[in-house]
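K.L.:
One structure follows; several queries about it will come next.
Chains as they are written, first to last, in this note's numbering: chain A, 15 to 307; chain B, 42 to 435.
Structure, rendered in structure tokens:
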């Protein structure tokens, strides 16, 4: 089961002839993902490293039945790449590209309202269903098939949680990096809902950071609906106010979105909050024991 | 990226918005020419700085003659303006806007920004112009109105009318306000703004509306297509932050003494947090990114060690795209070329971790390899504490 991706996933890569696009297409294939090809305008008909290249997403869907895409297209053109994928009927769009202007993402956000597809990202590491399917740039070998679902804004903190749950013997169902941009696709609460409904997922790890209100919204949902043990971590408690920490999303506006406010919201929802990023795995083990799992 | 008031007003003026007449000067010699262009020798001299609270700090002053304008300009250019928003170090003034003075009957507030949670652009209005808007929002939230225009369309006339009524504007004023709102909303989108704030929007002596001051912030991701705004993307950065940017490193200098080098913004923040958790303070935020070269790692190291406050270094890398051995070689090279006189703790995990640790251990250098993040943070904090205790004993 797990969520969002699995054996049935047929992946294409938009921007497959670029260095990063090709490298990660190979890594995904190595992991076991069914990568059916890629898209680079004007390079249709060629192949790279065994991947057939198409001129457009629509062509690739027609030829391969692709139902998912990962986007490595450079930032100035990435928004159009997302729209193209949506128009071609791709159901899961994972945008790895970072640096897409907010105004472009507002356009994408509003366009996708009328489309039947799921967007993850942009500026995200992608997602992995442990042992089955990987889309994006996460290191495959740290994952182990298991019982914990993970959702995080940050890439490397996702890896940290994956690594720690692997070392703790819990393993993962699906780990999803939703990205740190102000306007993005799936949010924490969307992934929590999916993980909550997934019978294979027994515990949930939610990793957030300062800025925005995604974590607070997820906390409110957890409080009312989630019986599975949840461990949370919020990065940025020591960050100075108003400084940009690499993610456009990590800006504190006024008093909302502070680490304190987010941690309190999670605690109020019954979430076990890890004091440091080093004890996420340990806290998950404790929470699982407490829940009798 | 922020624009100066004079740059922002040029954009507003070009869009046909009512902005007071003004001329910017960078040198005292330019004053007489500027006054001639303005056609008046009275007005207000405004120090150009990316900060609020300029008036109270002495950065905005009235002049009644050409001589006064010249004297004020000489006084303002080159001065360090300290406002309650700049911190004690203040900001250096390099330009002065000479502007016609306005008769102010009422001060209003209008801003356009992004509501992230609603994924919508929001128009924020208040009749309490000229004030600190955060204070207004906190103390009298009923004096603030938020309007949400539908995406892809002009501001709905009904929405503009609602805003005008809230601000107590009627007839011609309400009509003029609707036009201002529409233009600000359009400029916000066209110029990739993250904040477009008019504070105050004033009702002047003749009952007309005028945009007196302006904050104009542009999305850093869109700077590449907003070069004609005249903004300087590096204006507010420390020289070492600019240098870091050239190598694809995201660096922010802080006040602590443990230098950090981390990959990924989230992990970098979490690393700063865990250092603070163990009683020490981070000297910087440094994200080497997902695909840094050995050269970039070496550069990162140079930047960290050039900070005189750094008494210890913590490297925390979760190798995903970037394999640990590449990072390790970068560190070893950097230590060999730049020398190292502070303790260095390295924590590597992820892709090629075994090879990475071998590079560290076989380097023959005095590097501590940590087993995990907790271990690494504890060691780094202990090193700095021991160093401080040692110095105290001497």
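We put the CB at the ideal spot given by N, CA and C, even for glycine.
#1: Any Cβ of chain A within less than 9 angstroms of the Cβ of residue 316 (chain B)?
#2: Following the continuous alpha helix (DSSP H) through residue 341 (chain B), name the residue where it begins and the one where it ends.
#3: Please confirm if residue 425 (chain B) has its CB atom under 9 angstroms from at least one CB of chain A.
#4: Would you please verify whether the beta carbon of residue 230 (chain B) is less than 9 angstroms from any beta carbon of chain A?
#5: Near residue 291 (chain B), which residues of its chain fall below 6 angstroms by C-beta distance, leaving aside the five closest residues on each side in sequence?
#6: I think residue 144 (chain A) touches residue 185 (chain A), with their Cβ atoms under 8 angstroms apart; what is that distance to the nearest whole Å?
#7: From what residue to what residue does the beta strand (DSSP E) around residue 105 (chain A) run?
#8: Starting from the C-beta of residue 304 (chain B), find all residues in its chain whose C-beta is less than 7 angstroms away, skip the five residues before and the five after it, and write them out in chain order.
#9: May I have the straight-line CA-CA distance separating residue 336 (chain B) from residue 371 (chain B), to the nearest angstrom?
#10: Which class does residue 90 (chain A) belong to by DSSP, given the choice of helix, strand or coil?
#11: Does DSSP classify residue 251 (chain B) as helix, strand or coil?
#12: Counting only the same chain and skipping the five closest in sequence on each side, list residues whose C-beta sits under 8 angstroms from that of residue 146 (chain A).
#13: So is residue 257 (chain B) buried or exposed if we call it buried at 16+ other beta carbons inside 10 Å?
#14: Any C-beta of chain A within less than 9 angstroms: which residues of the stretch 406 to 422 of chain B qualify?
#15: Given a cut-off of 9 angstroms, decide if residue 122 (chain A) and residue 97 (chain A) are closer than it, judged by their beta-carbon atoms.
#16: Looking at chain B, is there any beta carbon in it that lies within less than 9 angstroms of the beta carbon of residue 117 (chain A)?
#17: For residue 108 (chain A) versus residue 138 (chain A), is the C-beta spacing smaller than 9 angstroms?
#18: Apart from the five residues just before and just after residue 353 (chain B), which ones in its own chain have a Cβ nearer than 6 angstroms to its Cβ?
#19: Between residue 269 (chain B) and chain A, is there a C-beta pair that is closer than 9 angstroms?
#20: Taking only runs that begin and end inside the stretch 288 to 325 of chain B, name each unbroken alpha helix (DSSP H) of 4 or more residues, in chain order.
#21: Within the present structure, is the beta-carbon of residue 201 (chain A) separated from the nearest heavy atom of the ligand PLP by less than 8 angstroms?
#22: Nearest-angstrom Cα distance between residue 240 (chain B) and residue 58 (chain A)?
#23: Please report whether the beta-carbon of residue 54 (chain B) lies at a distance below 9 angstroms from any beta-carbon of chain A.
#24: Three-state secondary structure (DSSP) at residue 30 (chain A)?
#25: Starting from residue 150 (chain B), follow its DSSP beta bridges and name the residues at the other end.
#26: Identify, in the order they occur along the chain, each residue of the same chain with its Cβ nearer than 7 angstroms to the Cβ of residue 320 (chain B), setting aside the five sequence neighbours on each side.
#27: Using a C-beta cutoff of 9 angstroms, does residue 355 (chain B) count as contacting chain A?
#28: If we ignore side chains and look at the alpha-carbon of each, how far apart do residue 402 (chain B) and residue 203 (chain A) end up?
#29: Can you pull out the residues from the stretch 383 to 399 of chain B whose beta carbon lies closer than 9 angstroms to at least one beta carbon of chain A?
#30: Residue 227 (chain A) versus chain B: which residues are under 9 angstroms apart at the beta carbon?
#31: Under the rule that 16 or more other beta-carbon atoms within 10 Å means buried, what is residue 47 (chain B), buried or exposed?
#32: Going by C-alpha distance, which of A:300, A:111 and A:295 is nearest residue 414 (chain B)?
#33: With C-beta atoms as the reference, is residue 355 (chain B) less than 9 angstroms away from residue 310 (chain B)?
#34: Could you name the residues that DSSP lists as bridge partners for residue 239 (chain B)?
P.N.:
Short version:
#1: yes
#2: That run of the alpha helix (DSSP H) goes 335 to 347.
#3: no
#4: yes
#5: 328
#6: 6 angstroms
#7: Bounds of any beta strand (DSSP E) do not take in residue 105 (chain A), whose DSSP letter is neither H nor E.
#8: For residue 304 (chain B), where only same-chain residues beyond five positions count, the Cβ hits under 7 angstroms are 328, 329, 330, 331, 358, 359 and 363.
#9: 7 angstroms
#10: helix
#11: Residue 251 (chain B) falls in the strand class under three-state DSSP.
#12: 16, 19, 20, 21, 46 and 159
#13: buried
#14: Hits within the stretch, in order: 413, 414, 415, 416, 417 and 418.
#15: yes
#16: yes
#17: Judged by beta-carbon spacing, residue 138 (chain A) lies within the 9 angstroms limit of residue 108 (chain A), meaning their Cβ atoms are closer than that value.
#18: 299, 383, 384, 421, 424 and 425, listed in sequence order.
#19: no
#20: 306 to 318
#21: Of ligands this structure carries none, so the ligand PLP is not represented either.
#22: 53 angstroms
#23: no
#24: coil
#25: B:167
#26: 422
#27: no
#28: 43 angstroms
#29: Look at the stretch 383 to 399 of chain B: the residues with a C-beta under 9 angstroms from a C-beta of chain A are 390, 391 and 392.
#30: Correct list: 157 and 158.
#31: buried
#32: Its Cα nearest to that of residue 414 (chain B), the residue A:295 stands out among A:300, A:111 and A:295.
#33: no
#34: B:151 and B:255
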